[in-house]
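Sequential numbering of the sequence shown, starting at 58, is according to the working numbering. Where a beta carbon is used, it is the ideal one built from N, C-alpha and C, also for glycine. Keep in mind the model is a prediction, meaning the values are calculated, not measured.
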Amino acid sequence: SSRARQGASAEPNALPQSGPISLADLLAVGEVHNPSLAAARSEVGVAAGQMWQASLYPNPYLEISSEEIPFRSGVDQGVTTASVTQPIVLGNRLRAAMDVAEAEQAARRANVELQIRELFGEIAQVHARLLAMRQGDRL
Numbered sequence: 058s059s060r061a062r063q064g065a066s067a068e069p070n071a072l073p074q075s076g077p078i079s080l081a082d083l084l085a086v087g088e089v090h091n092p093s094l095a096a097a098r099s100e101v102g103v104a105a106g107q108m109w110q111a112s113l114y115p116n117p118y119l120e121i122s123s124e125e126i127p128f129r130s131g132v133d134q135g136v137t138t139a140s141v142t143q144p145i146v147l148g149n150r151l152r153a154a155m156d157v158a159e160a161e162q163a164a165r166r167a168n169v170e171l172q173i174r175e176l177f178g179e180i181a182q183v184h185a186r187l188l189a190m191r192q193g194d195r196l
């Protein structure tokens, strides 16, 4: 490929080590290596997990309590009680929770798109300045 001929490093999406660097090269590297964009994409994954969790019924829980625990005293027997509680979701609360989680995920996806547009805009501006400087040097 032309990238291999230009001496690109072994790292994927790396800039060519020699020859011209295109705007597309800069955009590809910026998209892969920008930490803010990576964090925003990670948040989309978190939102997907929250959306899945919102679709599930609450877990039951077990409660154990003890009274009159024998401890070197005259009490011979203790009383231990165990109970299981299952919260019941009434009305459309489960659907409402899913709708909220879905909206949160859409907002996080939109944030990724915003991060990409801002990053690409910054890269394009720097690239344009570098081209202008190069043109100025040729004159």
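- Where the alpha helix (DSSP H) through Glu100 begins and ends: Per DSSP, Glu100 belongs to the alpha helix (DSSP H) from 92-111.
- Could you give the DSSP three-state label for Ile126: helix, strand or coil? Per DSSP, reduced to three states, the secondary structure at Ile126 is coil, with no helix or strand assignment.
- With Gly87 and Ile180 assumed to form a contact (beta carbons below 8 angstroms), what rounded beta-carbon distance in angstroms separates them? The C-beta distance from Gly87 to Ile180 rounds to 5 angstroms, short enough to fall under 8 angstroms.
- Query: Could you check where the beta strand (DSSP E) with Ser75 kicks off and where it finishes?
  - Reply: Annotation for Ser75: no beta strand (DSSP E) segment contains it, and DSSP assigns it neither H nor E.
- Query: Are the CB atoms of Asn168 and Ala97 nearer to each other than 7 angstroms?
  - Reply: Cβ atoms of Asn168 and Ala97: closer than 7 angstroms.
- Query: Can you round the beta-carbon distance between Ala104 and Arg165 to whole angstroms, since I take them to be within the 8 angstroms contact cut?
  - Reply: Contact check for Ala104 and Arg165: beta-carbon distance about 5 angstroms, within the 8 angstroms limit, so the pair qualifies.
- Helix, strand or coil at Val146 [DSSP, three-state]: The answer is coil: DSSP assigns Val146 none of H, G, I, E or B.
- Message: Here's the rule I'm using: 16 or more other beta-carbon atoms within 10 Å means buried, otherwise exposed. How should Ala160 be labelled?
- Response: It counts as exposed.
- Task: With DSSP as the reference, please indicate the residues paired to Leu119 in a beta bridge.
- Result: Answer by DSSP bridge pairing, in chain order: Val141.
- Task: Can you give me the Cβ contacts of Ser93 inside the same chain, cut-off strictly under 8 angstroms, excluding the 5 residues immediately before and after it?
- Result: In the same chain as Ser93, and ignoring 5 residues on each side of it, the C-beta atoms closer than 8 angstroms to its own belong to Gln172, Leu176, in chain order.
- Query: Can you pull the DSSP bridge partners for Val183?
  - Reply: As far as DSSP is concerned, Val183 takes part in no beta bridge.
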